Amino acid sequence: MTVRRSDRRARLAGLLWLLPALILVVGIVHVGIVYNGVISTTDWNGIAPTWRSIGLDNYTAIIEDDVFLAAMRNTAVYAVAVTVLQLGAGLGVAVLVRTQARGRNLLRVLIFVPVVLSPAIIGTTARYLLDQEGALNDVLRAVGMDGLARPWLADSTFALATLVAITVWQYTGYSFVIYDAAISQVDPATLEAAQIDGASNRRTFTAVVLPNLRGAHLVLIVLTAISSLKTFDLVVLTTAGGPGTSTELLTLHIYEQTILRFHAGYGAALSLVLVAIALVFAVLQVRLSRLREV
1362 MTVRRSDRRA RLAGLLWLLP ALILVVGIVH VGIVYNGVIS TTDWNGIAPT WRSIGLDNYT
1422 AIIEDDVFLA AMRNTAVYAV AVTVLQLGAG LGVAVLVRTQ ARGRNLLRVL IFVPVVLSPA
1482 IIGTTARYLL DQEGALNDVL RAVGMDGLAR PWLADSTFAL ATLVAITVWQ YTGYSFVIYD
1542 AAISQVDPAT LEAAQIDGAS NRRTFTAVVL PNLRGAHLVL IVLTAISSLK TFDLVVLTTA
1602 GGPGTSTELL TLHIYEQTIL RFHAGYGAAL SLVLVAIALV FAVLQVRLSR LREV
C-alpha cells in the first residue's frame, strides 16, 4: 500500500512539474491553431468586432493565388538549397576541424559566431554589403571583375540565391556542431583498425565515418527544412519579397495578407497550409527518431 501511494505521489509530482509547459503549449500553440482554423473560414479584416463566415472559400482562393504559387515554389527551392548546402558545408568544416592539427578551437569559434548573431544584424549588414555600390562589388571591381558586379539583392536572377548564401553562411555553424559531435562518437578503435588495414583517409571516411553520421543527417535535414519554412526576418530586411515575387516566401505572403492588406481570414488559411507542411516534417522527425532507437 505504501509503495502504491509513493508511486502515485511521484506521478502527481511529475504532472505538476509538466503542468506549466502543458498550459503554455496547449493554451498558446494548440488553442491558437484551432482559433486560426476558425478564422480561416471567415471574411474578416482582423479589426472588426464581427466577421462573416464563408466556409472554405479562402482555401479555394489559395489554389487560384499566383503569388501563393510563386511563394511555394520559392520556399521549396530555398529550403532544398539551404538544406543541401548547409549540411555539406557543416560536414566539410567538421572534417576539417577533426583533421586540422592546429587552430581547432579558433576555427570552432569562428564558424559558430554567425549563428548567435541576430538576423536583424545579418540582414541589415548584408543589404549594405551587397548593394550596387557595396563592399562586395568594390572588391570585384578592384580585382578587375567589373562584369560580375551587380545589385545582388535587387537582381531577380540572383536575389533568391543570395538569400540562400546568406542563410548558409549564418547557420553552417549549427550543422557543424551536430556533425562534430557525431564524429566524436565514432569508435577510435574502428578508425585505428581501418588504418592498420591500409585504408586511405578518404576510404576511412566513406566506409567508417560517414555511415555513423546517418542519424545526424536525418536530424539536420528535418530541422533545417523546418527552419527554412519559418524564414521571415531576413527576407523582410533585405528584399521584402522582391524584385517582383522572386524572393516571396510563404511566411512573407502570410504577413502581407494579414497585416498589410487586412485579409485576416485568408492569412489564417495560408498559415494553416504552413502548419500542415511543418507538421509533416515534425511527424517525419519523430518517425526517424524511433527508427534510430530500434
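So for the sequence shown, my numbering puts the first residue at 1362; every next one is plus one.
C-beta atoms are modelled at their ideal positions from N, C-alpha and C, and glycine is treated no differently.
Being a predicted model, the structure only gives us computed values, none of them experimental.
Three-state secondary structure assigned by DSSP to residue i
{"i": "Asp1426", "result": "coil"}
{"i": "Val1411", "result": "Going by the sequence as given, residue 1411 is Thr instead of Val. Reduced to three states, the DSSP call for Thr1411 is coil."}
{"i": "Thr1403", "result": "strand"}
{"i": "Val1525", "result": "helix"}
{"i": "Trp1378", "result": "helix"}
{"i": "Met1506", "result": "coil"}
{"i": "Gln1447", "result": "helix"}
{"i": "Leu1514", "result": "coil"}
{"i": "Gln1493", "result": "coil"}
{"i": "Pro1604", "result": "coil"}
{"i": "Gly1398", "result": "helix"}
{"i": "Val1364", "result": "Summary for Val1364: the model assigns pLDDT 49, below 50, so the residue's position carries little reliability; its value from the coordinates is reported in the next sentence. Of the three classes helix, strand and coil, the one that applies to Val1364 here is helix, per DSSP."}
{"i": "Phe1623", "result": "coil"}
{"i": "Gln1531", "result": "helix"}
{"i": "Gly1628", "result": "helix"}
{"i": "Ser1545", "result": "helix"}
Sequence-distant residues of its chain with Cβ nearer than 7 Å to residue i (five each side left out)
{"i": "Arg1413", "result": "Thr1403 and Asp1404"}
{"i": "Leu1633", "result": "Asn1397, Gly1398 and Ser1401"}
{"i": "Ala1510", "result": "Asn1498, Leu1501 and Arg1502"}
{"i": "Tyr1532", "result": "Gln1447 and Val1476"}
{"i": "Gln1618", "result": "His1624, Tyr1627, Gly1628 and Leu1631"}
{"i": "Gly1495", "result": "Tyr1489"}
{"i": "Arg1648", "result": "none"}
Residue i - containing alpha helix (DSSP H), residue span
{"i": "Asn1498", "result": "Ala1496 to Ala1503"}
{"i": "Pro1549", "result": "Pro1549 to Ile1557"}
{"i": "Leu1613", "result": "Leu1611 to Tyr1616"}
{"i": "Ala1586", "result": "Arg1575 to Leu1590"}
{"i": "Arg1463", "result": "That residue, Arg1463, is in no alpha helix (DSSP H); it is neither H nor E in DSSP."}
{"i": "Thr1565", "result": "Asn1562 to Thr1565"}
{"i": "Val1596", "result": "Asp1594 to Thr1599"}
Nearest-angstrom Cβ-Cβ length linking residue i and residue j, presumed shorter than 8 Å
{"i": "His1614", "j": "Ala1440", "result": "Rounded, the Cβ-Cβ distance is 15 Å, inconsistent with contact."}
{"i": "Leu1581", "j": "Ser1545", "result": "The pair is not a contact, with the Cβ atoms about 16 Å apart (cut-off 8 Å)."}
{"i": "Val1596", "j": "Leu1579", "result": "Their Cβ separation, rounded to whole angstroms, is 27 Å, which puts Val1596 and Leu1579 out of contact at 8 Å."}
{"i": "Asn1406", "j": "Phe1642", "result": "Actually they are not in contact, since the Cβ atoms of Asn1406 and Phe1642 sit about 32 Å apart, beyond 8 Å."}
{"i": "Asn1562", "j": "Ala1543", "result": "So it is not a contact: roughly 18 Å between Cβ atoms."}
{"i": "Ala1455", "j": "Asp1541", "result": "5 Å"}
Chain-order list of residues whose beta-carbon lies under 6 Å from that of residue i (same chain, five-residue window excluded)
{"i": "Leu1446", "result": "Val1529"}
{"i": "Leu1491", "result": "Leu1497, Trp1513 and Leu1514"}
{"i": "Tyr1420", "result": "Ala1630"}
{"i": "Leu1380", "result": "none"}
Top-ranked residue by Cα proximity to residue i, from the options
{"i": "Arg1488", "options": "Val1641, Glu1609 and Thr1600", "result": "Thr1600"}
{"i": "Val1395", "options": "Arg1648, Leu1645 and Val1636", "result": "Val1636"}
{"i": "Thr1585", "options": "Gln1646, Gly1605 and Gly1375", "result": "Gln1646"}
{"i": "Thr1411", "options": "Leu1468, Ala1625, Leu1380 and Leu1379", "result": "Ala1625"}
{"i": "Phe1593", "options": "Arg1372, Ile1384 and Ile1483", "result": "Ile1483"}
{"i": "Ser1607", "options": "Val1386, Ser1517 and Leu1452", "result": "Ser1517"}
{"i": "Thr1523", "options": "Glu1425, Arg1465 and Val1443", "result": "Val1443"}
{"i": "Thr1436", "options": "Val1644, Arg1648, Leu1590 and Leu1598", "result": "Leu1590"}
{"i": "Thr1612", "options": "Val1428, Gly1388 and Ile1384", "result": "Val1428"}
{"i": "Ile1408", "options": "Ile1389, Ala1555 and Ile1620", "result": "Ile1620"}
{"i": "Val1538", "options": "Gly1453, Ala1422, Leu1478 and Leu1377", "result": "Gly1453"}
{"i": "Ala1639", "options": "Val1583, Gly1605 and Asp1507", "result": "Val1583"}
Own chain residues within Cβ distance below 8 Å of residue i, not counting five before or after
{"i": "Gln1493", "result": "Ala1510, Arg1511, Pro1512 and Ala1515"}
{"i": "Ala1481", "result": "Asp1594 and Leu1598"}
Below-7 Å beta-carbon distance, residue i vs any chain C residue
{"i": "Pro1480", "result": "Judged by its chain identifiers, the structure shown contains no chain C, having just a single protein chain."}
Residue i: CB within 6 Å of a non-hydrogen atom of the ligand PLP
{"i": "Leu1509", "result": "Of ligands this structure carries none, so the ligand PLP is not represented either."}
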